[in-house]
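Note sheet for the following structure.
In my numbering, the protein residues as written are 10 to 382.
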């Protein structure tokens, strides 16, 4: 079996790394790893940590690139890769532009598509935008739908996807999280030296990158953070700021002079896992963080109005707060009043997104289906 595994962004790399390693460890699988470079610097950090060297690097990202330009470039480049290499399936993860282009290129060449993290839906094409569109299109053409949860599998069935092409595998991000968590102790001294402001102080960890939160929404979120920081001077607010100028610009402008808000570069994945583990509250629009934090017992406030990951919300492990300034302030304040241990103890249920064995299940399923061909 020779799968072409396409990776474009940091979240994709985090979620596909354990699958790539599992494929490489299988005697009958020879994966080809192709990077589109959609998140150049942040992607390389993840590859380096997991000791993965892409076989093909398309280096497609350019400054001020539109979605249309990126999609066209990805589609053309991936089509070329498919025609030039002896592959028998394309593996793509999630809902990015890279995934959309990979699924289209594979479909046009009549190559089977394995969609990892299939079936996530909000039901609204504009939330998240353009990710909901990307994953719906991928769902139309995929041959193997690796659903992370039963909810995702149910959504696929509702769209008429054949039961035989759906498998509930869990989410591979939990595989990566558990691998990384084992490494934490040996690096703790280095990270404490890098973040002295969080020693013996509560930590609010913040991330944000969604396109639908550009403009007024990110300004509202930053306004809430600034007000919270002023009201809680003994709390450290750490914000690893995304490299996208649509996020970096307003965040830097609105928060750079707040003494206990620390704007830092995007953290390496193991470092970020360590920060999550130490946090009292996480404020984020990230899907991956919504999935990871329940394993660490950390409450998550999601700065979105809708989520394609309802399991954590339904389990009380996460809460949708949107971008309303007052709502964010009220919920962060409420959680800061509780000791971290008591917050975690109120959420004793297991992580609904996986048990760390999703990659094994996906590899086994691909191998089973290959044997039946």
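In this text, a Cβ means the ideal position worked out from N, Cα and C, and glycines have one as well.
For residue 185, the three-state secondary structure derived from DSSP is helix. Contact between residue 189 and residue 282 holds: CB atoms are separated by about 5 angstroms, below the 8 angstroms threshold. The residues 273, 275 and 276, in chain order, have a CB closer than 6 angstroms to that of residue 249 in the same chain once the five nearest residues on each side in sequence are set aside.
Less than 8 angstroms divides the Cβ of residue 271 from the Cβ of residue 245.
By the Cβ test, the stretch 28-37 is in contact with the stretch 364-372, since at least three Cβ pairs between them sit closer than 8 angstroms. Using a Cβ distance threshold of 8 angstroms, residue 216 and residue 295 count as a contacting pair. Leaving aside the five residues that flank residue 131 on each side, the residues in its chain whose CB is nearer than 8 angstroms to its CB run, in chain order, 137, 141, 315, 316 and 317.
Around residue 52, the same chain offers 19 and 22 as residues with beta carbons nearer than 6 angstroms, after the five sequence neighbours per side are excluded. Taking C-alpha positions only, residue 364 is separated from residue 191 by approximately 15 angstroms.
Residue 101: member of the beta strand (DSSP E) spanning 98-102, first to last residue. Remark: fewer than three beta-carbon pairs, one from each stretch, lie closer than 8 angstroms, so the stretch 147-159 and the stretch 323-336 are not flagged as touching. When secondary structure is reduced to three states using DSSP, residue 209 falls in the coil class, being assigned neither helix nor strand. Just measuring C-alpha positions, the residue of 97, 81, 126 and 311 sitting nearest residue 113 is 81. For the pair residue 308 and residue 158, the CB atoms are not nearer than the 8 angstroms cut-off. Judged by DSSP secondary structure, residue 324 falls outside any beta strand (DSSP E); it is assigned neither H nor E.
In the three-state DSSP reduction, residue 37 falls in the coil class, being neither helix nor strand. An exposed status is given to residue 169, since fewer than 16 other beta-carbon atoms sit within 10 Å of its beta-carbon. Close CB contacts of residue 243 within its chain, under the 7 angstroms cut and outside five residues either way in sequence, are with 210 (chain order).
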